[in-house]
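Asks: Below is the structure I would like to discuss, written out as structure tokens.
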Amino acid sequence: MLVDLQGPWNPIFGRLGLLLEVHYNNPIIFFAFMMVVIGGTAALSWVTFTGRWGWLWREWLTTVDHKKLGIMYILVGLVMMLRGFVDALMMRTQQAMAVGPDSPGVLGAAHGYLPPYHFDQVFTAHGMIMILLAATPILVGFMNLIMPIQIGARDMAYPYLNALGLWLTVAAASLVMIALFVGDFSHAGWVGLTPLTELPYSPGVGVDYYLWSIQIGSIGTTIGAVNLIATIIKMRAPGMTWGRLPIFTWTTLASNIIALTSFPVLGVALALLTLDRYIGTHFFTADLGGNLMMYTNLFWIWGHPEVYFVVIPAFGFLSEIIPTFSEKPLFGYVTMVLASMAIAGVSWTVWLHHFFTMGASPGVNSYFSIATMLVGIPTGVKVFNWAFTMWRGKLRFPTPMLWAIGSLFLLITGGMTGMMLAVPAINYLVHNSVFVIAHFHNMFLLIVYAAFGATVYWWPKVFGFKLDEYWGKVFFWLFTAGTLFVFVPMYTLGFMGMTRRLDYIPHTSWEPLLLLEVIGTGFYLLSILAFVIQLGVSIYNREKNRVVASDAWGTSRSVEWMTHTPPPFYNFAVTPVIHARDEWAWRREHGLTNLMPEKFLDIHMPKNTAVPLIISFFTLVCGFALVWRIWWLAAATFAAIIIAMIIRSFDKDTDYIIPAAEVERMEKEIVARAEGRIPAGEPAPVGGGAGGAYASKRTPTQRRDND
Amino acid sequence: MKRKKIPMFLRFFALIPLLLLGGCNTEHFWLFNPKGPVAAANLYYMVVDVVIMSIVIVPTVIFTIWVISRYRASKKAHHDPKFSHSNGLEVLVWGIPIIIVGVLAFFSYEGTHAVNPWNPTVITKNPKYADTKPLEVDVVTTDWQWMFIYPKQHIAVANELVIPVHTPVHFRLTSTSVTNNFYIPQLVGQVYVMPGMRSKQSLVATHTGEYHGFSAALSGGGFSWMDFKTKAVSEADFNAWVEKVKQQGRRLAYPKFAAFAKPTVNLAGKVHYFSDVQPGLFAEVIKNVRDGKLQYATPMFLTENMDSKEFKQHSN
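Line by line, the protein sequences give chains A and B.
Heads up: the first sequence begins at 1 in the numbering used here, then just goes up one per residue.
Heads up: the second sequence begins at 1001 in the numbering used here, then just goes up one per residue.
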């Protein structure tokens, strides 16, 4: 051993002996564990008793269909968001209970019910999960789901890589969930403050869980970015010139350029920290020549671009939703594209504003201050453009539009507080205060609002029925009440001088506002309930809310509304030819809304594969082994990953052809179904994209001559 | 399904928290009650920034709300389905943010120098303080306490800071373990306190009184209890206080300091006084941290159970 480990270690079980010292009598952990056991058992029994294992395997676990991978990305994001929300509930209640020296303490805490050991893990997990395992997968999911259809492609450029990206993200999320019950999680903030994350100050396995799960997840995101960029560059339909690209596709491109260039920096920063913890190097220690602020720099060189990685697609959602419900094209398309690219460009030059208080010289701080403010210019342009899109429009306000407008106002307030934080003279007062917390939650909520808007907006396209409007509106208003009740008091507390990450609140004057925040989390809780009811009611009434038209809203504008609802697994019967910027609006105006092509052609499709699932399973085990320093297991699983990759690389049977006649048959069946000539109860082999069943039936590969 | 409407009053219920902004007791708003020129300058730039931003944000919000209400489909207002470009408006939408950012950039540059922790011009260029002899204080954070060393007076105080009013106080700061953040909201903004490195900060208190100081950067289990009272007293009271501390007769040399730096949660908010402080203690601490000679590992489950015997050994 090159480092001094606290606690036991042996060659077979690594540090697992530590588990004997963990106190599993904590009722909160026990309750969470029971919930997971009950939930997991229920899900598995459902699959078993309804005989869906084969379906699950063919249609979901081994699929390479970008739409299904996108749905699974979003599902993973939502589940992790729920976990992050439970963390938030615990933080809010702990802070409201632990005010003043007289407040009582239970469960080993001096005040409240979470001692620092647990509280610090809770907020670290909350931040890390919400950003990397909730916001990122949800947005990547939408990019996966919508972007290829928007450019008229059949799938992504690298369908296999796409599946690998998803399953690596799932492995990362699983590792974080395992940390909840087996050992502990990092207690050093989601940014991994050095040297607090170094071995002497974080002797447990928590930081190792943090390091390996982010490392795995960021590999997934990076290969996802490669794939999305390649798809946009190479897979556009004929006529889809750069000037006609839908705006959401542009924002996908901008944000993935950011991801591709910034995630490797994170990987390197974490790898160096890992070396510090595992083999005793001194990259980020205070002693023996280490430089702890170097980690902070590297982290934020990734961290700030990451913020724009998640916010730019949200801008894309707004740019799709607002024109549809204004019945007008987006105002200033070229400007919007330039603004997205400008935000992406400036995002690399502003990282130091996360630590103005490091004590850098005024020259350095002024530079980063002004660079940060530059972001305000393209962002301001976007706000004006959306306002001018609605100007002289014919506005309707179904739920997607409500979410979009909510998002717009959150952008305005978040932008304003962001411009305050960009000024070092102000930042010195509010850095690390709850004002900053309120600001970046304000910005992340903008993304959440836009993403919920996008969910309702694209739901009918993906599933073939609309979501319930009434419960959708209840959800929206409860969520908005939660947002205001939590974050207005939080901004206010920032002005009162309250700083972040406090397990114990020494000043009783902060108590009333902290209680209001608890009420706000109550509204959030109710809003989640409303969302679940909305989903339940909508699925129950799906026949009544069925959408058969390709264009669910009647006024949509881009290419994804030009194929069937829901799209077949091959997306388009014949690759469309694009004539205009808002192709579907253009076709509507010219009366070209007939979806049935005159002539059918063979379709070349990728085949399902289980390799990504297998690789990601080995990655998960490898990560677990590395966390617990079980070297033999880590080496074995790493070798297994390499072997799986090599075997896959010799597999030539990765694609198949759907003959033109077969396409014609399926298309006619979809149309018959839409016209009600096939009863709704009949199982649909094609509609909804049953590509997996089709792909697994087609074993002999037929290759096209020109491939 | 028939279309149900959510009552209007319920929707506006969501806006109730906004009322909070009006009716609060202002004395608890430390950021709005600066007691020294540095914090006052911070507040000044905050007001300037908000006012300049409001020039563009208020009209934007009003315009957006107007558009949303004016162009609802039900209003049958003029609908222009082709309108998507206007050179005039493009110039406006780029021009306004550029001008605003330009103005803000000037104030940001000015403000950064005014409250620069290495040389805050609100103090160093202020003729009022030109003839006053500044007080020097060395700050060392440990896991999880504060040590304030007054090198010229040869005294030191743990977990309490006493300063004379109307006198510039120059701090040098370092840490023995992890990064902390020195913050007294009503007197001076934050600056990192980093192990093996030295940062600086300066402040002047213009009113006598007691102010809250604390660490604003997470530093581990005892972080929440890492605060210190800052007492700004008159010149005479300060000198009397220094004499009193000198009488206490507890010497603080490096070995004693190294023992003090052992991980300790200051649960009870205890204050310790030391007289006869070893000269050059601050430099010696930095050197030992850099050489890896002053370092305590945190026990793994230290704060898991704050009733445990192990925790009691590490708290007071």
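From the three backbone atoms N, C-alpha and C, an ideal C-beta is built for every residue, glycine too.
Given the structure is predicted, the values throughout are model-derived calculations rather than measurements.
Excluding the 5 residues flanking MET443(A) on each side, which residues of the same chain have their C-beta closer than 6 Å to its C-beta?
Replies: GLY414
Asks: Using a cut-off of 9 Å between C-beta atoms, extract the partners of ALA1232(B) located in chain A.
Replies: Listed along the chain, the chain A residues whose CB falls inside 9 Å of the CB of ALA1232(B) amount to none; the nearest CB is some 17 Å away.
Asks: Please report the distance separating the alpha-carbon of ARG703(A) from that of ALA660(A).
Replies: At ARG703(A) the pLDDT is 46, less than 50, meaning the model places this residue with poor confidence and gives no usable figure here.
Asks: For VAL686(A), name the three-state secondary structure that DSSP assigns.
Replies: With a pLDDT of 47 at VAL686(A), under the threshold of 50, the modelled position of that residue is not reliable, and the figure given next carries that caveat. VAL686(A) falls in the coil class under three-state DSSP.
Asks: Output, in chain order, the set of chain B residues within a Cβ distance shorter than 7 Å of SER366(A).
Replies: SER1108, TYR1109, THR1112
Asks: Output needed for SER1315(B): all residues of its chain with C-beta closer than 6 Å, excluding positions within five of it in sequence on either side, in chain order.
Replies: VAL1265, LEU1267
Asks: Would you say LYS1312(B) faces chain A, with C-beta separation under 8 Å as the test?
Replies: no
Asks: Should MET1001(B) be flagged as near chain A, meaning a C-beta pair shorter than 8 Å?
Replies: The pLDDT assigned to MET1001(B) is 42, lower than 50, so where the model puts this residue is not dependable, and the model offers no usable value.
Asks: For PRO782(A), collect the residues of the same chain with a Cβ closer than 6 Å to its Cβ; drop the 5 residues on either side in sequence, then sort them by chain order.
Replies: Absent from the model: residue 782(A). The displayed extent of chain A is 1 to 707, so no value can be given.
Asks: Any beta-carbon of chain A closer than 8 Å to the one on SER1275(B)?
Replies: no
Asks: Closer than 8 Å between beta carbons: that is the criterion. Which residues of the region 1203–1221 of chain B meet it against chain A?
Replies: HIS1212, PHE1214, ALA1216, ALA1217, LEU1218, SER1219, GLY1220, GLY1221
Asks: Under the DSSP definition of a beta bridge, which residues are partnered with TYR1150(B)?
Replies: ILE1155(B)
Asks: State the Cα-Cα distance for the pair GLY39(A) and GLY380(A), rounded to the nearest angstrom.
Replies: 45 Å
Asks: Is there a Cβ from chain B that is less than 8 Å from the Cβ of ALA125(A)?
Replies: no
Asks: Once the 5 residues before and after LEU1252(B) are set aside, which same chain residues still bring their CB inside 6 Å of it?
Replies: ALA1156, PHE1274, VAL1277
Asks: What is the DSSP secondary structure of SER433(A), counted as helix, strand or coil?
Replies: In this structure, SER433(A) counts as strand in the three-state DSSP scheme.
Asks: Anyone know if the C-beta pair for ALA1261(B) and THR1179(B) falls short of 8 Å?
Replies: no
Asks: Does any CB atom of chain A fall closer than 8 Å to the CB of TRP1225(B)?
Replies: It does; some Cβ of chain A falls within 8 Å.
Asks: Could you check if GLN1247(B) is buried or exposed, using at least 16 other CB atoms within 10 Å of its CB as the buried criterion?
Replies: exposed
Asks: To the nearest angstrom, report how far apart THR1064(B) and VAL307(A) are at their CA atoms.
Replies: 26 Å
Asks: How long is the line joining the alpha carbons of SER174(A) and GLN215(A), rounded to whole angstroms?
Replies: 13 Å
Asks: Give a yes or no on whether 8 Å exceeds the smallest Cβ distance from GLN6(A) to chain B.
Replies: yes
Asks: Show which residues of chain B have a CB atom less than 7 Å away from the CB atom of TYR428(A).
Replies: ASN1042, VAL1115, GLY1189, GLN1190
Asks: For the candidate residues ILE1286(B), PHE1301(B), ALA1259(B), HIS1028(B), whose alpha-carbon lies nearest to that of SER1199(B)?
Replies: Of ILE1286(B), PHE1301(B), ALA1259(B), HIS1028(B), the residue nearest in Cα terms is ILE1286(B).
Asks: Pair every Cβ in the region 212–228 of chain A with every Cβ in the region 623–641 of chain A, then say whether three or more of these pairs are closer than 8 Å.
Replies: yes
Asks: Could you run through the region 1061–1091 of chain B and flag, in chain order, every residue whose CB is less than 7 Å away from some CB of chain A?
Replies: VAL1061, PHE1063, THR1064, VAL1067, ILE1068, TYR1071, ARG1072, ALA1073, HIS1078, HIS1079, ASP1080, PRO1081, PHE1083, SER1084, HIS1085, LEU1089, GLU1090
Asks: Please list the terminal residues of the continuous beta strand (DSSP E) segment that includes ASP1227(B).
Replies: 1227–1233
Asks: What is the C-beta distance between PRO329(A) and ASP582(A), in whole angstroms, given that I count them as a contact (C-beta under 8 Å)?
Replies: 6 Å
Asks: Would ARG703(A) pass as an interface residue toward chain B - the criterion being a Cβ-Cβ separation below 8 Å?
Replies: Only weak support exists for where ARG703(A) lies, its pLDDT of 46 falling under 50; the coordinates are left without a value.
Asks: To the nearest angstrom, report how far apart HIS1154(B) and SER1175(B) are at their CA atoms.
Replies: Each residue's alpha carbon lies about 20 Å from the other.
Asks: Which term fits MET645(A), buried or exposed, when burial requires 16 or more other beta carbons within 10 angstroms of its beta carbon?
Replies: When all chains shown are included, MET645(A) counts as exposed.
Asks: Comparing alpha-carbon positions, which option in LEU196(A), THR389(A), TYR160(A) lies nearest GLY224(A)?
Replies: TYR160(A)
Asks: For a contact defined as C-beta to C-beta under 7 Å, what are the partners of ILE1057(B) on chain A?
Replies: Within chain A, the residues placing a beta-carbon under 7 Å from that of ILE1057(B) are ILE412, MET416, ordered along the chain.
Asks: I'd like to know if ILE1163(B) contacts chain A, where contact means its C-beta is closer than 8 Å to some C-beta of that chain.
Replies: no
Asks: Taking 6 Å as the limit between beta carbons, can you name the residues of its chain near GLY165(A), skipping five residues before and five after?
Replies: GLY220, ILE223, GLY224
Asks: When we look at the beta-carbon of SER649(A) and count the other beta-carbons within 10 Å, is it buried (16 or more) or exposed?
Replies: Exposed, because fewer than 16 other Cβ atoms sit within 10 Å of the Cβ of SER649(A).
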